[in-house]
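Mapping of the sequence shown onto UniProt numbering: position 25 corresponds to residue 25, and the numbering continues sequentially without gaps.
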Amino acid sequence: MKRKQRTEILIQDGGSLAEELASTITANYNYLEIIKPQYGMTMIKMRETAKKSLFYLGEVLITESKVEIEQTIGIGIVIGMEKELAKHLAIIDAAYRADLPETKDWDTQLIEKGKQITAQRAKEQAELFRSKVNFETMEV
């Protein structure tokens with residue numbers, strides 16, 4: 001599983017799975033916080049559709065963290081004020097990059113959680129479409 005997909009699932013889950021996975025690593029390995037969770041700002045890039053040119057939409061508040069496990073650095077960045085989630089993401093990233101044995105079973109958990117998130121979104125979208133108003137024009 002790619003890093004981007006893994007991170008999206010862990011963030012969309014709300015942090016419970018990230019906390020669970022990070023706790024399995026912290027129980028078995030020592031970790032060093034290189035950068036404790038801290039707030040920052042970053043620019044958001046967007047692509048203008050007509051000209052296909054990039055521009056900066058604006059700034060967004062982020063929380064970032066950096067940890068080291070087994071001489072491997074992991075980074076966690078999340079939008080908003082989420083110190084614990086950023087730290088958990090950094091620990092999980094370092095565990096994957098260090099190829100720790102615990103990470104072998106995580107892909108199946110992440111894929112299953114991704115399916116649950118997709119199903120939940122589909123259900124919410126179906127509910128929105130049911131309440132959609134259909135405006136028809138009258139013919140004279």
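Even for Gly, the Cβ is constructed at its ideal location relative to N, Cα and C.
| Query | Result |
| --- | --- |
| Of the listed residues G14, G58 and Y39, nearest to K83 (C-alpha basis) | Y39 |
| Per-residue burial, A122 [other beta carbons within 10 Å of its own, 16 or more giving buried] | exposed |
| Which of helix, strand or coil DSSP assigns to Q109 | helix |
| Residues that I64 bridges to, as DSSP identifies them | What sits at residue 64 in the sequence shown is Glu, not Ile. Q38 and I77. |
| Inter-stretch contact at 8 Å, needing at least 3 Cβ pairs: the segment 25-33 / the segment 90-104 | yes |
| Buried versus exposed, by CB contacts within 10 Å (16 or more), G74 | buried |
| Cβ shell of L17 (< 8 Å), same chain only, five flanking positions each side left out | I9, L10, Q109, L110 and K113 |
| Beta-carbon separation (whole angstroms), A98 vs T72, contact threshold 8 Å | 4 Å |
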